[in-house]
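Counting in our numbering, the sequence shown runs from 76 upward without gaps.
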Amino acid sequence: MSGFREPGFADRQKAAQDARKNLLNKFKSQPGPDDPSVAAKRAEREALAAKRAEAKAAREAEKAEQKRLEEEAKAAEAARLAREAEEAAAQATALEAEQKAKRDARYAARKAKRK
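What follows is the structure, encoded as structure tokens:
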């Protein structure tokens, strides 16, 4: 049984050279940019990108519409609260006026009783 042989400098250099050749051959064997299959893949990627952009624009429009509806709802709620506050103030004013009228009537009745 033969033991493990430590690769020497020449062996490592030959392995590196073979690796570079294999890498270069792999690169050269790839189709060029004008190849029909490459052009078809590029067109497919561009169509997919356009579809994604379209979907993104639709999502953004939907978000904007949702935000607009939320703002309208907030404005309507604020208007309702303001109207309720005005009505409450008007009721309080009317109640005060009614109480004052009753108080004035009692005062007038006491004055009339004395005379």
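Ideal placement from N, C-alpha and C gives every residue a C-beta, glycine not left out.
Spatial distance of Leu99 from Asp86 (CA atoms)
20 Å
Note down the Cα distance separating Ala187 from Glu173, rounded to an integer number of angstroms.
21 Å
Gly83 versus Phe102 - alpha carbon distance
29 Å
Need the endpoints of the alpha helix (DSSP H) that Asp86 sits in, please.
Phe84 to Ser104
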